[in-house]
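Number of protein chains: 2
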Amino acid sequence: MEKVEQFELSKEYLEKLQQAIKEMDDVFILNTLEGINPADISTILLEFSTDESKYVLDVLDYEVSAEVINDLDEDTRAKFLKNFKNKEISLMLNELDSDDAVDIINELPLKDREEVIALIENKEKAKNILDLLRYEEDVAGGLMAKELVKANVNWSVRQCIEEIRRQAENVEKIYSVYVVDDQNILLGRVSLKRIILAEDHVKVKDLYDDEVIAVETYMDEVDVAEIMRKYDLDAVPVVNVQGKLMGRITIDDIVDVITELAEEERQMMAGISEDVEEDDSVWMLTRARLPWLIIGMFGGLLGAQFIGVFEEDILLVPAMAFFIPLITATGGNVGIQSSSIVLQSLANKSVFDDSFLKRITKVLLVALLNGIVIAGIVMGMNLILGQEMRLALVVSLALFTVVLLASFMGTVTPLVLDRFGINPALAAGPFITTANDLLGLLVYFSVAHLLYYG
Amino acid sequence: MEKVEQFELSKEYLEKLQQAIKEMDDVFILNTLEGINPADISTILLEFSTDESKYVLDVLDYEVSAEVINDLDEDTRAKFLKNFKNKEISLMLNELDSDDAVDIINELPLKDREEVIALIENKEKAKNILDLLRYEEDVAGGLMAKELVKANVNWSVRQCIEEIRRQAENVEKIYSVYVVDDQNILLGRVSLKRIILAEDHVKVKDLYDDEVIAVETYMDEVDVAEIMRKYDLDAVPVVNVQGKLMGRITIDDIVDVITELAEEERQMMAGISEDVEEDDSVWMLTRARLPWLIIGMFGGLLGAQFIGVFEEDILLVPAMAFFIPLITATGGNVGIQSSSIVLQSLANKSVFDDSFLKRITKVLLVALLNGIVIAGIVMGMNLILGQEMRLALVVSLALFTVVLLASFMGTVTPLVLDRFGINPALAAGPFITTANDLLGLLVYFSVAHLLYYG
């Protein structure tokens, strides 16, 4: 048994491998990598140069190298594949499930795609890949694999097992056998367990479960993930509008979808505009970060122009300037909190959402409580610290108003974005803080002007 | 076939059910809920009062009601279970997998736990539950179920199938049959597919795959999730330090772990200190939000005190106050960006992390580029807008410094938190913005003071 802890990548291990590559010692490389999980080989290749990696992949069987390539992240894979001839790529794709093969084809230069598909030996696989290429990547059809085991409802268990035997080569994990009629319409499923436990002559008809949950080819990946999570499914069949069985989605792909969605949300909330990671280039990292920084900067410059209008007031009561950061920070914090609570409930869509009015009433009640506490403490502190009564009043009144307005904005913005099909996580990032900074300044200086000159 | 779209919860449906509950029409209730997935019944109960829900659950078989209770969220479940007698709870637990049963027991009042376990009819299940109670909820042992199918390495395929038949009642999804020796030491696994395809007389010994990935009972849930994701596993066996097979973790539990971790991170980044949702009470929502708002408020008050030191400068150059929001907002945005990039790479732990020095160098390079662009644009804008040269210089110099410092802080803070076992997402929230607000003010007014009087 190989426990995970037992495979440890050491510097020595890597150096020995690199030495073997330099000496073209294929036997050593094969022996060393024998029995190591392809996912671990992928990790090793991340430490190698493109040429070294190419050498290792050439030495391995196409069956193994295909899995290794499949386990790489997109960026690294694209870099590696540039060194492969179309024929070599097609030999690897031949070994992969159709959904994984399609993902890789989608990353190839447009001009190579057709040739690579034409070169795939297994013609059924090539046809499957062509079928799948029709779908967008983020719908059920784009996630599904064509490989699955299905049985006609009129077969016997014996015939079912024959079919599994026939397909065993192509389908790595079976989960369920899907039951269809003569028109390939999905009728239900039967678990491997039931097949094992049934007598050979029993008909599929008398064995199968007709309450199978299926998704349609054009269902959004987010909804597919939610359904698989809710019903604890490890695979879900995909049907077209006529109810014909088109493929199936397995849970490992959904785990990837959930992980990617969480990453995307994190980046949105942090104001990073591209999918970057720490090991991307300085240039890519800068490009991903600048857009929101520049938007925030223009917000700041606009704020400066706005405060400039009140220059006279500041000259008269310079202490007014002291509380600018307090006002803007509170607005930002309240806004982010509000929108992240909306994000949470958008993620766990419930069937009966409260009405908009009920939602907003609740949000404002919470804001009222938060606002009173914050404004109250600040009032007390300011008086203790010997701040002028009128200014203390201005600051607390402005804070209270900002908490209310920022709560409202933070709640409404993600709902509006979501309605228009834009990722609502955008609202829980620099977008809302920039907007709330300006809102806060507007409130603060208006209240001040009113109380001093009003 | 039941497609997901076909089960739609309508108001009419709910009202009919509620009417039936009022009239105690058990037959109608049973017929209506017949064949509806327990997860959907859970959704229905969310719309009912506790008494109505209790009535529905009483009408259902324990087998179904157990699944319904299992599919509820923790808060609702705790509320419902208060209405059940210990005997009733034990009858439901009797129907659940040991891992789910343990989760529910952990939510019961301490005084009831022992009695509920003692009342469980299936003594093996009760023993399994007691075993599992020993583990923390967030390690492999706390996630695993005791229900699994195992086979002795010396058995034949026929014996294996007999064992599956014996266990079929208890194990809902089999995935793999785990292969052990006479001491229950895990040796490997054999897939159901291979068992189906093998002849009856073949020995397990000649069939099984000895390269199984297993996790130890005390492995953290985050690491378990990462391993199952990396190797695309749908189930992973759990062993103790001696290598004995203790249980197995299935992918549905890991999907829940990943979803919860993402929610937790979102709340941390938004400065929400408790696990709240939109439909929690106003009081709970306020309590979850106030702590970080108050911390931010004290940050703001401290900032006010600090700016107060420079009152004379503001009197002299009131325009200095105009740029306070620009400085603090930029610091906040840069800080959040930096820490979220670190979060990302902490989530996808790679085997060879770059050295700390290399990381920081890169961060500072990116900051340098960002800083030059931002400071440059602001300089240009200020000159175009007719701002005094010296002030424009102060603002741009301060901005540049703030970008550098905030990048550094935003990178180091999550790394330090992580080192001390604190969730690093804390660093990508109000924590870093508050700290960077103060840092920004310090830099801005120091630079200004220096350039005007230095």
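These protein sequence lines map, in sequence, to chains A and B. Counting with the UniProt record's numbering, you get residues 1 to 454 for the letters of the first sequence. Counting with the UniProt record's numbering, you get residues 1 to 454 for the letters of the second sequence. Note that the Cβ used here is the ideal one computed from N, Cα and C, for glycine as well.
For the alpha helix (DSSP H) containing residue i, list its first residue and its last residue.
i                     : result
K79 (chain A)         : E74 to L81
N152 (chain B)        : Element bounds for N152 (chain B): not the alpha helix (DSSP H) but the beta strand (DSSP E), K150 to N152.
V56 (chain B)         : T50 to V59
R287 (chain B)        : V282 to V309
residue 473 (chain B) : Lying before the first or after the last residue shown, residue 473 (chain B) is absent from chain B, which here runs from 1 to 454.
S446 (chain A)        : P430 to Y453
Q242 (chain B)        : It is not in any alpha helix (DSSP H) - Q242 (chain B) carries neither H nor E in the DSSP assignment.
N318 (chain B)        : The amino acid at residue 318 (chain B) is misidentified as Asn; the sequence shows Pro. That residue, P318 (chain B), is in no alpha helix (DSSP H); it is neither H nor E in DSSP.
Y13 (chain A)         : K11 to K22
D71 (chain B)         : Y62 to D71
L130 (chain A)        : K123 to L132
V224 (chain B)        : E221 to K230
K87 (chain B)         : N86 to L93
N348 (chain A)        : Element bounds for N348 (chain A): n/a, residue is neither H nor E.
D100 (chain B)        : S98 to E107
V116 (chain A)        : L110 to L119
Rounded to whole angstroms, what's the CA-CA distance from residue i to residue j? Just pull it up for me.
i              : j              : result
L364 (chain B) : K16 (chain A)  : 34 Å
V447 (chain A) : E260 (chain A) : 45 Å
V102 (chain A) : G247 (chain A) : 14 Å
T250 (chain A) : G141 (chain B) : 25 Å
A78 (chain B)  : E47 (chain B)  : 16 Å
V231 (chain B) : D112 (chain A) : For the sequence presented, residue 231 (chain B) should be read as Tyr rather than Val. Cα to Cα, the separation comes out at about 30 Å.
N423 (chain B) : L346 (chain B) : 11 Å
I195 (chain A) : L192 (chain B) : 10 Å
A39 (chain B)  : I21 (chain B)  : 20 Å
A168 (chain A) : R289 (chain B) : 54 Å
D418 (chain B) : D437 (chain A) : 31 Å
V64 (chain A)  : G243 (chain B) : 28 Å
M381 (chain A) : L293 (chain B) : 15 Å
E2 (chain B)   : L207 (chain A) : Interpretation of E2 (chain B) is limited by its pLDDT of 49, a score under 50 that renders its predicted location unreliable; no figure is taken from the coordinates.
E5 (chain A)   : M228 (chain B) : Bear in mind that the predicted position of E5 (chain A) carries a pLDDT of just 46, short of 50, making it too unreliable to give a figure here.
I213 (chain A) : L187 (chain A) : 10 Å
F445 (chain B) : F310 (chain B) : 7 Å
L450 (chain B) : M409 (chain B) : 24 Å
E147 (chain B) : L119 (chain B) : 20 Å
I36 (chain A)  : Q183 (chain A) : 43 Å
Y452 (chain B) : L404 (chain B) : 23 Å
H201 (chain B) : R166 (chain B) : 19 Å
I69 (chain B)  : S42 (chain B)  : 7 Å
L383 (chain B) : L391 (chain B) : 10 Å
Where do the N-terminal and C-terminal ends of the beta strand (DSSP E) with residue i fall, by residue?
i              : result
I249 (chain B) : L245 to T250
P237 (chain A) : A235 to V239
Y178 (chain B) : S176 to V180
G35 (chain B)  : Counting along the chain, G35 (chain B) falls outside any beta strand (DSSP E), and DSSP gives it neither H nor E.
(message) Taking beta-carbon pairs under 8 Å, can you tell me which members of the segment 288-313 of chain A lie near chain C?
(response) Among the chains of the structure shown, chain C does not appear; the protein chains present are A and B.
(request) Return the residues of the segment 211-225 of chain A that lie within a Cβ-Cβ distance of less than 8 Å from chain B, sorted by chain order. (result) E211, V212, I213, A214, V215 and E216
(message) Which residues of the segment 366-378 of chain A have a Cβ closer than 8 Å to any Cβ of chain B? Give them in chain order.
(response) Result list: V366, L369, N370, V373, I374, I377 and V378.
(message) With three or more beta-carbon pairs closer than 8 Å as the criterion, would you say the segment 64-80 of chain B touches the segment 38-46 of chain B?
(response) yes
(message) Taking 8 Å as the cut-off, does the segment 320-338 of chain A touch the segment 387-402 of chain A (at least 3 CB pairs, one atom from each stretch)?
(response) With three or more CB-CB distances shorter than 8 Å, the segment 387-402 of chain A counts as touching the segment 320-338 of chain A.
(request) Flag this pair as touching only if the segment 158-165 of chain B and the segment 119-133 of chain B have three or more C-beta atom pairs under 8 Å; answer yes or no. (result) no
(request) Note down, in chain order, all residues in the segment 34-68 of chain B with a beta-carbon under 8 Å from any beta-carbon belonging to chain A. (result) G35, N37, A39, T43, L46 and E47
(message) Using a Cβ-Cβ cutoff of 7 Å, what residues of the segment 408-430 of chain A are near chain B? List them in chain order.
(response) A428 and P430
(request) Starting from the N-terminal side, write out each stretch of the alpha helix (DSSP H) that is 4 residues or longer and does not extend beyond the segment 351-425 of chain B. (result) 356-384 and 389-419
(request) Count the CB pairs spanning the segment 376-390 of chain A and the segment 414-430 of chain A that are closer than 8 Å, and state whether there are at least three. (result) no
(message) Against chain B, which members of the segment 376-407 of chain A pass a CB distance test of less than 7 Å?
(response) Taking 7 Å as the Cβ-Cβ cut-off against chain B, the residues of the segment 376-407 of chain A that qualify are I377, V378 and M381.
(request) Entirely within the segment 160-213 of chain B and at least 4 residues each: give me those alpha helix (DSSP H) ranges in chain order. (result) 192-197, all fully within the segment 160-213 of chain B.
(request) Check whether the segment 294-309 of chain B touches the segment 298-312 of chain A, taking contact to mean three or more Cβ pairs, one atom from each stretch, closer than 8 Å. (result) No, because fewer than three Cβ pairs between the segment 294-309 of chain B and the segment 298-312 of chain A fall closer than 8 Å, the two stretches do not touch.
(request) Pull out every residue of the segment 11-33 of chain A whose Cβ sits closer than 9 Å to any Cβ of chain B, in chain order. (result) Per Cβ criterion, the list reads K11 and L14.
(message) Closer than 9 Å between beta carbons: that is the criterion. Which residues of the segment 323-339 of chain B meet it against chain A?
(response) F323, I324, P325, L326, I327, T328, A329, T330, G332, N333, V334, I336, Q337, S338 and S339
(message) Please identify, using Cβ separations under 9 Å, the residues of the segment 261-272 of chain A that lie next to chain B, in order along the chain.
(response) The segment 261-272 of chain A vs chain B, Cβ under 9 Å: L261, A262, E263, E265, R266, Q267, M269, A270, G271 and I272.
(request) Mind checking the segment 64-98 of chain B against chain A and listing, in chain order, the residues whose C-beta falls within less than 9 Å of any C-beta there? (result) So the close ones are D71 and D73.
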